[in-house]
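**Student:**
Residue numbers (this note's numbering), protein chains in the order written: chain A, -15 to 100; chain B, 16 to 132.
#1: Can you check which of these residues, B/61, B/32 and B/17, is closest to residue 103 of chain B by C-alpha distance?
#2: By the DSSP assignment, the beta strand (DSSP E) with residue -5 of chain A in it spans what residues?
#3: Where residue 67 of chain B and residue 73 of chain A are concerned, what is the direct C-alpha to C-alpha distance, given to the nearest angstrom?
#4: Relative to the alpha-carbon of residue 28 of chain A, which residue among B/128, B/121 and B/129 has its alpha-carbon at the smallest distance?
#5: Which residues in chain A sit within 9 angstroms of residue 46 of chain B, going by Cβ to Cβ distance?
#6: Could you tell me which of B/36, B/28 and B/30 sits nearest to residue 89 of chain B, measuring between CA atoms?
#7: Which one of A/66, A/53 and A/17 has the shortest CA to CA distance from residue 76 of chain A?
#8: Report the three-state DSSP secondary structure of residue 53 of chain A (helix, strand or coil).
#9: Please classify residue 52 of chain A as buried or exposed, where buried requires at least 16 other C-beta atoms within 10 Å of its C-beta.
#10: Quick check on residue 84 of chain B: buried or exposed, where buried means 16 or more other Cβ atoms within 10 Å of its Cβ?
#11: Across which residues does DSSP place residue 19 of chain A in a beta bridge pair?
#12: For residue 76 of chain B, return the contacting residues in chain A, with the cut-off set at a CB-CB distance below 8 angstroms.
#13: Helix, strand or coil for residue 71 of chain B? Go by DSSP, reduced to three states.
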């Protein structure tokens, strides 16, 4: 069965420090991968997506993610964290018929706390 | 342009009751999906509708049903509410059915917080 694992439930970093959030997926076919961010009381905002091609994907707000097929990973990175980045981050894989239908499977999320 | 709008924002119901949640997609979007997010978990897929037809269903009991109207808005209905149905219900819309077309990302609303007592 398809699944997404985010090993870190909670991460705390200092403002200005670099960030890496881990995501591992289990999916038989070519995965369509996403990172979303959720602020308290809000819906999900798409940060970036990977469909094919270049394995390093750039997103909004200075985030990037690298797809590594050999490790079944899609880790999210940011070189310098801002206080406004504090939120919950979700990795997701689309298992909807090779991208023809939306059916996202989400990880349990990683809560990011940013210290001043 | 308005994003995905959901109503109501909060709702309190009693076990055994029925609830209807509403969603208006972004203008021009023809696909609407519903997700359930239990506290401390990631969202779980419930339904997808495209052009008024059900295109996908997650692992939810028949107490959950949905429909999409000619204007592409959607309703999620839950019958015989259980305590475990307490969650944030998220609606998402997209231009097309799936993620294959990179210019058709999934846009989420802010959700309806359902509490069952």
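Backbone N, C-alpha and C define an ideal beta-carbon position, used for all residues, glycine too.
**Tutor:** If we stick to the structure as given:
#1: B/61
#2: -6 to -2
#3: 31 angstroms
#4: B/121
#5: 85 and 86
#6: B/36
#7: A/17
#8: helix
#9: exposed
#10: exposed
#11: A/32 and A/75
#12: Ordered by position in chain A, no residue passes the 8 angstroms Cβ test against residue 76 of chain B, which lies about 18 angstroms from the chain.
#13: strand
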